[in-house]
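*Asks:*
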Amino acid sequence: MDQNLAAYVLRRVLQIPPLLLGISVLTFLIFYLSPVDPVIAYLGLVTVQKMPVEDVAKVEKQLGLDQPAIIRYLAWLERILHGDWGFSYIKKRPVLDVILERFPATMLLTMTGYGLSALLAILLALACALRAGSRLDAYLNGMNYILYSTPTFLVALLAMLLFSVWLGWLPSSRMVSVAEPAAFWPNTWDRIRHLILPACILAVSHLAVFFTYIRSSLQESMREDYILTARAKGLDERRIILRHALRNSLLPFITQMGLTIPLLISGSVVVESIFAWPGIGRLAYDAALRADYMLLMGLTLFASLLVISGNLLADVAYALADPRVKLG
Amino acid sequence: MSPSNIEAKIHHWKLPSLGFRGLKYITPGMIVIASLLLLALLAPYITSSDPIVASLDQSMQPPSFQHPFGTDHLGRDMFSRVLYGTRVSLMVGICAAALAVLLGVAVGLLAGYFGGLVDSLLMRLVDTIYSPPETILLMVLVTMFTRNVWTIILAIGLTHWMSTARLVRSEALSIRQRPFVESAVSLGAGDGYILLHHVLPNLFYIAVISVTLMTAHAILTESFLSFLGLGIPPHLPSWGNMLNEAQRDIMRGIWWTCLFPGMMIVITVLSINLLGADLKKRLAPVREMRTQL
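Protein chains in written order, with my numbering: chain A, 73 to 400; chain B, 26 to 318.
Here it is as structure tokens:
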């Protein structure tokens, strides 16, 4: 790794701690300002209702609720840093354990959906560029506007109606069948069948954003001087688009992919809650519906970490791909 | 020449005239939005069915002459519910967007105009609130505070002002350095005067475009929250709430409870987005600005 890159990465990493501190303050403040009783948040409503009053007072003292906000914040931050993210009362387990256990399922779903979406967006944008100004271009653009204005959950519901209920081709919920096949290949096939519908819907929900971005970036590249040079040399249009324009428009797309991670998480909340996919999106939905405050706070922190590290990775990848960045 | 004389020579708050040529979506978009507003206002005169009162013997009827959109599991007329849903969805969308853009313009203006410490502090705040995915932040907010139409508007507004703030800030930064501001300063104009008479009018187009596009986004967000059962209280007819209830019907192959409210969301959001896209073409002076908005 050369020195410039190292310096760039270091500069970029140094921006993160203040951001994390800000997020922790924000999370704590929301919790602190909300009318939610912290004892209930820690133990769950039912437990507190059954507890004698003096025990509740004891817990309050134990949690340091008689202390001023700043002391409480620092104590909370210390626990967070030691990996004690609180206790989820709907799962009856520590928050961090629950989140980490659910994370791989979300990764599988989102990465599949993300990959599909990027691939499809690039292909469609290429089709538009190759037939610029044609009817195909106009249709795809129009479809894109409609897709952009359609909520993901509506696409999911209609797809479920069509493929699971009417056609009966694909399962409509969970990650594996209730009677999970034991042998390796049937089991893998079962998992793939469960993955198809949610992953495709996640892909479709992302398609509009990605397509718009690549298409406009491709159009931008087509106006560059080097394209004019290539045309002047007599290269054919297909080669110009594939070899010259596309490669240069995919560069900023790396950053774009990093920036859309929040969208990815939103998408996974919708898709996972509809398809009962056991990931962190479904977890957030359950936590919100059943008011598991500790779990919600943990998920906020975890999702922020994901977003920040995703942006960092995208920036570093971009610096690796485009040598101009790290000098700037 | 005192600042008030200058003022007389500049036409403040004047939008560039909306030349409709080449912008094919402005007129249809406005017509659709106007008719949606009319439908929302005139709902009680258009349909006589009550959107809330259940009549179980009418439950789950497919679309017919009497019930053009069918009935839901409680026998409520879907047409009437969809119509009344327009009220809730449009109100939440417009109010939340207005709140978000007001906040965004205020923060961006302060940060961009005053710069220095104010700028760094406000922009760090923006970065911080930007980091958690907005969905998660919204879910936390609506879970922790009581849920009604106003808190939903507040929650959506408070989580969506950051992009406008960033845009307004960068625009305000560049306006502050332009010659007409310099000349106003040299003539003795104060900060308040310059902000109100020179900077703000030049940012007006950002606010107009942002409010339009943000309304579409806020309607989607509201329907998303209500769909999850975390938005508008379930007894009120909102499109998201209807789709939440339609989720159960899907497994029984019933399509009308999901299709009609869904269609309304798409039509509304699509026409607002198309209108926004054309406004952007007309009002945003620089190409670069259009991609950012």
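By construction, the Cβ of each residue, glycine as well, lies at the ideal position given by its N, Cα and C atoms. These figures come from a predicted structure and were not determined experimentally.
Taking only three categories from DSSP, how would you classify B:R191?
*Replies:* Residue 191 of chain B sits at position 166 when you count from the first residue of the second sequence. Shown here, B:R191 sits in a helix according to DSSP, grouped into three states.
*Asks:* Between A:F225 and chain B, is any beta-carbon pair separated by less than 8 Å?
*Replies:* Position 153 of the first sequence, counted from the start, is the residue given in the question as residue 225 of chain A. True, the Cβ-Cβ gap to chain B drops below 8 Å.
*Asks:* In angstroms with no decimal places, state the Cα-to-Cα distance between A:S381 and A:L86.
*Replies:* Position 309 of the first sequence, counting from 1, holds the residue named residue 381 of chain A. Position 14 of the first sequence, counting from 1, holds the residue named residue 86 of chain A. Going from the Cα of A:S381 to the Cα of A:L86 covers about 12 Å.
*Asks:* By alpha-carbon positions, which one of A:K130, A:L367 and A:I337 ends up nearest to B:S156?
*Replies:* Taking the first residue of the second sequence as position 1, residue 156 of chain B is located at position 131. Comparing Cα-Cα distances from B:S156 to each of A:K130, A:L367 and A:I337, the minimum goes to A:I337.
*Asks:* Along the region 102 to 116 of chain A, where does the CB come closer than 8 Å to a CB of chain B? Name the residues.
*Replies:* I102, F103, S106, P107 and V108
*Asks:* Pull up the DSSP beta-bridge partners for A:P166, would you.
*Replies:* Translated into positions along the first sequence, residue 166 of chain A becomes position 94. A:F159, per the DSSP bridge assignment.
*Asks:* Just how far apart, CA to CA, sit A:E329 and A:G185?
*Replies:* As a position in the first sequence, residue 329 of chain A is number 257, starting the count at 1. As a position in the first sequence, residue 185 of chain A is number 113, starting the count at 1. The sequence shown places Met at residue 329 of chain A, not Glu. Put simply, the backbone Cα of A:M329 is about 13 Å away from that of A:G185.
*Asks:* Please return the same chain residues whose Cβ sits closer than 8 Å to the Cβ of A:T327, not counting the five positions on each side in sequence.
*Replies:* Position 255 of the first sequence, counting from 1, holds the residue named residue 327 of chain A. These residues qualify, in order along the chain: A386, D387 and Y390.
*Asks:* Once you ignore the five residues that flank B:S42 on each side, which residues in its own chain have a CB closer than 8 Å to its CB?
*Replies:* Taking the second sequence and counting its residues from 1, the one referred to as residue 42 of chain B is at position 17. In this prediction, B:S42 has a pLDDT of 48, which is less than 50 and means its spatial position is unreliable; what the coordinates show is noted afterwards. Contacts found: none.
*Asks:* Please tell me whether A:A391 has its Cβ less than 8 Å away from any Cβ of chain B.
*Replies:* What you label residue 391 of chain A is simply residue 319 of the first sequence in a count that begins at 1. Not closer than 8 Å to any Cβ of chain B, the Cβ of A:A391 fails to qualify, so no.
*Asks:* In the DSSP output, which residue or residues are listed as bridge partners for B:T96?
*Replies:* Position 71 of the second sequence holds residue 96 of chain B. Answer is B:D102, bridged to B:T96.
*Asks:* So for A:W148, helix, strand or coil by DSSP?
*Replies:* Position 76 of the first sequence, counted from the start, is the residue given in the question as residue 148 of chain A. In this structure, A:W148 counts as helix in the three-state DSSP scheme.
*Asks:* Determine the burial state of A:P107: buried for a count of at least 16 other Cβ atoms within 10 Å of its Cβ, exposed for fewer.
*Replies:* Stepping through the first sequence from its first residue, residue 107 of chain A is reached at position 35. Exposed, by the Cβ-count rule.
*Asks:* Shortest alpha-carbon distance to A:A317 belongs to which of A:Q139, A:A141, A:Y298 and A:L98?
*Replies:* Along the first sequence, read from residue 1 onward, the residue named residue 317 of chain A stands at position 245. Ranking the options by Cα distance to A:A317, first place goes to A:Y298.
*Asks:* With 7 Å as the C-beta to C-beta threshold (strictly closer), list the residues of the region 248 to 270 of chain B near chain A in chain order.
*Replies:* S248, F249, F252, L253, G254, L255 and L268
*Asks:* Pick helix, strand or coil for B:L253, following the three-state DSSP scheme.
*Replies:* The sequence position of residue 253 of chain B within the second sequence is 228, counting from 1. B:L253 falls in the coil class under three-state DSSP.
*Asks:* Are the beta-carbon atoms of A:Y217 and B:L299 separated by less than 8 Å?
*Replies:* Counting from 1 along the first sequence, the entry for residue 217 of chain A is found at position 145. Counting from 1 along the second sequence, the entry for residue 299 of chain B is found at position 274. Yes; because the gap between Cβ atoms is below 8 Å, this pair is in contact.
*Asks:* Considering only their Cβ atoms, is the gap separating A:S221 from B:A241 smaller than 8 Å?
*Replies:* Along the second sequence, one-based indexing puts residue 241 of chain B at 216. Along the first sequence, one-based indexing puts residue 221 of chain A at 149. Cβ atoms of B:A241 and A:S221: closer than 8 Å.
*Asks:* Around the C-beta of B:W280, are 16 or more other C-beta atoms found within 10 angstroms, so that it is buried, or is it exposed?
*Replies:* Counting from one through the second sequence, the residue named residue 280 of chain B turns up at place 255. Classification for B:W280: buried.
*Asks:* Determine the closest residue to A:P110 out of A:T224, A:G158, A:D74 and A:L307, with distance taken between C-alpha atoms.
*Replies:* Along the first sequence, one-based indexing puts residue 110 of chain A at 38. A:G158 is the residue among A:T224, A:G158, A:D74 and A:L307 whose C-alpha sits nearest the C-alpha of A:P110.
*Asks:* Using three-state DSSP, classify B:F90 as helix, strand or coil.
*Replies:* By 1-based counting over the second sequence, the position of residue 90 of chain B is 65. Here B:F90 sits in coil by DSSP.
*Asks:* Using a Cβ cut-off of 7 Å, pull out every chain A residue sitting near B:S156, in sequence order please.
*Replies:* Translated into positions along the second sequence, residue 156 of chain B becomes position 131. What B:S156 touches in chain A: L91, I95, S376, V379 and I380.
*Asks:* Which residues of chain A have a Cβ atom closer than 9 Å to the Cβ of B:R273, listed in chain order?
*Replies:* Locating residue 273 of chain B in the second sequence gives position 248, where the first residue counts as 1. Those do not exist, as B:R273 stays about 11 Å from chain A at its closest Cβ, beyond 9 Å.
*Asks:* Run through chain B and tell me which residues come within less than 7 Å of A:A197, C-beta to C-beta.
*Replies:* One-based indexing of the first sequence puts residue 197 of chain A at position 125. Residues of chain B passing the Cβ test: none, with the nearest at roughly 15 Å.
*Asks:* In angstroms with no decimal places, state the Cα-to-Cα distance between A:A190 and B:A197.
*Replies:* The residue given as residue 190 of chain A occupies position 118 in the first sequence. The residue given as residue 197 of chain B occupies position 172 in the second sequence. Looking at the two C-alpha atoms, the distance is approximately 35 Å.
*Asks:* Return no unless some Cβ of chain A is closer than 8 Å to the Cβ of B:L299.
*Replies:* The residue given as residue 299 of chain B occupies position 274 in the second sequence. True, the Cβ-Cβ gap to chain A drops below 8 Å.
*Asks:* Buried or exposed: A:L367, going by 16 or more other Cβ atoms within 10 Å of its Cβ?
*Replies:* Taking the first residue of the first sequence as 1, we reach residue 367 of chain A at position 295. A:L367 should be labelled buried.
*Asks:* Which same chain residues, not among the five before or five after B:L61, have their C-beta less than 7 Å away from its C-beta?
*Replies:* Numbered from 1 along the second sequence, position 36 holds the residue referred to as residue 61 of chain B. Taken in chain order, the residues that qualify are T111, L115 and T293.
*Asks:* Report the residue ranges of all alpha helix (DSSP H) runs contained in full by the region 235 to 296 of chain B; include only those spanning at least 4 residues, in chain order.
*Replies:* 264 to 275
*Asks:* When the Cα of A:L92 is compared with those of B:L221, B:T153 and B:Y230, which residue comes out closest?
*Replies:* Here residue 92 of chain A refers to the residue found at position 20 when the first sequence is read from its first residue. Nearest C-alpha to A:L92: B:T153.
*Asks:* Tell me, please, whether the region 201 to 218 of chain B touches the region 272 to 291 of chain B by the rule of three or more beta-carbon pairs shorter than 8 Å.
*Replies:* no
*Asks:* List, in order along the chain, the chain B residues whose C-beta lies closer than 9 Å to that of A:W157?
*Replies:* The residue you call residue 157 of chain A lines up with position 85 of the first sequence. Going along chain B, no residue has its Cβ under 9 Å from A:W157, so there is no contact; the nearest lies around 14 Å.
*Asks:* Would you report the Cα separation of B:M148 and B:A125, rounded to the nearest angstrom?
*Replies:* Residue mapping note: residue 148 of chain B aligns to position 123 of the second sequence, counting from 1. Residue mapping note: residue 125 of chain B aligns to position 100 of the second sequence, counting from 1. Approximately 16 Å, taken between the alpha carbons.
*Asks:* In chain order, what residues of the same chain lie with their CB nearer than 7 Å to the CB of A:P31, ignoring the 5 residues before and after it?
*Replies:* Nothing about residue 31 of chain A can be reported from this structure: the residues present for chain A run from 73 to 400 only.
*Asks:* What is the rounded straight-line gap between the Cα of A:P90 and the Cα of B:S84?
*Replies:* Start at 1 with the first residue of the first sequence, and residue 90 of chain A comes out as number 18. Start at 1 with the first residue of the second sequence, and residue 84 of chain B comes out as number 59. If you take the alpha carbons of A:P90 and B:S84, they lie about 56 Å apart.
*Asks:* Interface residues of chain B around A:V341 at Cβ under 9 Å?
*Replies:* For this step, residue 341 of chain A is matched to residue 269 along the first sequence. Under the 9 Å cutoff, chain B gives P158, T160, I161, M164, F249 and L253.
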